[in-house]
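Asks:
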Amino acid sequence: MFDMAAETLDLPFEEKMKFEQGDAGLSFGYKFEGASAVDASARRSYPSTVNNRMDSTIIPFVKKSIEINDEILSIFNTKLRLPQGELIKLHSEEYSASEARTHKARKNLPTGKTVLGAHTDFGSLSFLHNRMGGLQVLPPGVDEWQYVKPLPGHAICNVGDTLALLSGGILHSNIHRVLPPPGAQAAFERWSQVFFTRPGNSVILRPLSNESPLIAEAVNKLSDEQREALNPGVTAFDWICRRVMNRRVKNRTGPETWMASKGTDQERI
Ligand SMILES: O=C(O)CCC(=O)C(=O)O
Ligand SMILES: [Fe+2]
Numbered sequence: 001m002f003d004m005a006a007e008t009l010d011l012p013f014e015e016k017m018k019f020e021q022g023d024a025g026l027s028f029g030y031k032f033e034g035a036s037a038v039d040a041s042a043r044r045s046y047p048s049t050v051n052n053r054m055d056s057t058i059i060p061f062v063k064k065s066i067e068i069n070d071e072i073l074s075i076f077n078t079k080l081r082l083p084q085g086e087l088i089k090l091h092s093e094e095y096s097a098s099e100a101r102t103h104k105a106r107k108n109l110p111t112g113k114t115v116l117g118a119h120t121d122f123g124s125l126s127f128l129h130n131r132m133g134g135l136q137v138l139p140p141g142v143d144e145w146q147y148v149k150p151l152p153g154h155a156i157c158n159v160g161d162t163l164a165l166l167s168g169g170i171l172h173s174n175i176h177r178v179l180p181p182p183g184a185q186a187a188f189e190r191w192s193q194v195f196f197t198r199p200g201n202s203v204i205l206r207p208l209s210n211e212s213p214l215i216a217e218a219v220n221k222l223s224d225e226q227r228e229a230l231n232p233g234v235t236a237f238d239w240i241c242r243r244v245m246n247r248r249v250k251n252r253t254g255p256e257t258w259m260a261s262k263g264t265d266q267e268r269i
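Every letter in the sequence shown is one number past the one before it in the UniProt record's numbering, and letter 268, counting from 1, is 268.
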């Protein structure tokens with residue numbers, strides 16, 4: 001058996017990847033380094049192009065983004081009349097699915113093509129830097145998509161699902177999508193950079209009514225159906241996994257998979 005394994009693992013990487021384990025929950029097949037989590041931290045491996053900039057660029061970007069999003073969380077904490085430090089505590093006491101992501105959209109995409117379909121962000125706050133148009137939002141009570149014009153020196157902050165749920169629907173998660181940049185901008189590649197702040201993995205998603213009279217009052221005014229939607233009975237980790245998994249094209253069985261990927265946009269809470 002050991003000889004067989006040694007010979008197999010010496011095969012070229014491309015050859016081994018033909019037998020890769022896959023994402024469907026089955027366990028047989030080749031497991032490349034970094035394919036499975038080794039502990040709760042979800043540590044991963046990256047190409048050298050990323051590792052080479054880890055200390056100079058990536059870690060400072062992540063630290064600054066956390067600092068800014070924590071400041072915004074503190075402001076919401078006060079406005080929502082939560083005990084001091086409550087929101088930051090829920091977002092910083094354990095590992096979470098918080099992440100930094102860079103998007104690139106090709107230039108000269110056909111008009112009308114969707115770069116990123118209508119969605120709400122999965123976590124609490126998204127801090128977004130984009131240099132070109134294309135981002136559109138659908139604010140509550142509005143039926144037509146509105147462009148968000150990027151302004152030099154400004155960033156965009158979205159409230160996402162988990163903060164909408166924790167705030168008992170007082171804060172709405174922003175429904176948005178990305179189209180190719182309008183007009184002459186379409187001739188250029190579109191780059192955007194986001195940092196997503198998400199609650200600790202084991203935080204149960206529910207309105208923080210016991211912690212804030214304001215949230216309790218808001219929840220009391222809702223219909224039973226809306227109240228139910230605000231209490232999905234899952235952890236932040238499960239909420240995010242469900243949304244990510246059901247958006248993977250590989251996991252798609254039909255339109256029901258797309259519906260299963262939906263967040264608070266479904267109920268418009
Ligand atoms: O590229 C953008 O402007 C938005 C990206 C976005 O919505 C996302 O990453 O969730
Ligand atoms: Fe988004």
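Note that CB positions come from ideal geometry on N, CA and C, so glycine has one too.
If residue 121 sits next to residue 161, beta carbons under 8 Å apart, how far is it from one beta carbon to the other, in whole angstroms?
Replies: Confirmed, Cβ separation roughly 7 Å.
Asks: Tell me, to the nearest whole angstrom, how far the beta carbon of residue 236 is from that of residue 201; I am working on the premise that it is less than 8 Å.
Replies: Going by Cβ atoms, the distance from residue 236 to residue 201 rounds to 6 Å, so yes, they are a contact pair.
Asks: Hey, residue 23 and residue 248 are a contact pair by Cβ (cut 8 Å); roughly how many whole angstroms apart?
Replies: Correct: roughly 7 Å between the Cβ atoms.
Asks: Output the residue ranges of the beta strand (DSSP E) runs that lie fully inside the UniProt domain "Fe2OG dioxygenase" (96-199) and measure 3 residues or longer, sorted by chain position.
Replies: Counting only runs of 3 or more, we get 99-105, 116-119, 125-130, 135-137, 156-159, 176-178 and 190-197.
Asks: Measure how close the beta-carbons of residue 169 and residue 230 come, nearest whole angstrom, since I'm counting them as under 8 Å.
Replies: Their Cβ separation, rounded to whole angstroms, is 6 Å, which keeps residue 169 and residue 230 in contact under 8 Å.
Asks: Using only the heavy atoms of ligand 1, determine whether one of them is closer than 7 Å to the beta carbon of residue 210.
Replies: No, the Cβ of residue 210 stays beyond 7 Å of every heavy atom of ligand 1.
Asks: Quick check: the Cα distance between residue 126 and residue 72, rounded to an integer number of angstroms?
Replies: If you take the alpha carbons of residue 126 and residue 72, they lie about 11 Å apart.
Asks: Going by beta carbon distance, what residues of the same chain come within less than 8 Å of residue 188, once the five residues before and after it are set aside?
Replies: For residue 188, where only same-chain residues beyond five positions count, the Cβ hits under 8 Å are 107, 132 and 181.
Asks: Could you check what DSSP says for residue 253 in three-state terms: helix, strand or coil?
Replies: Residue state, collapsed to three classes: coil.
Asks: Can you name, in chain order, every residue of its own chain whose Cβ lies under 6 Å from the Cβ of residue 129, other than the five neighbours on each side?
Replies: Excluding sequence neighbours, residue 129 sits near 155 and 193.
Asks: Are the beta-carbon atoms belonging to residue 124 and residue 198 less than 8 Å from one another?
Replies: Yes.
Asks: Under the assumption that residue 148 contacts residue 137 (Cβ atoms under 8 Å), give the Cβ distance between them as a whole number of angstroms.
Replies: About 6 Å; that satisfies the 8 Å criterion.
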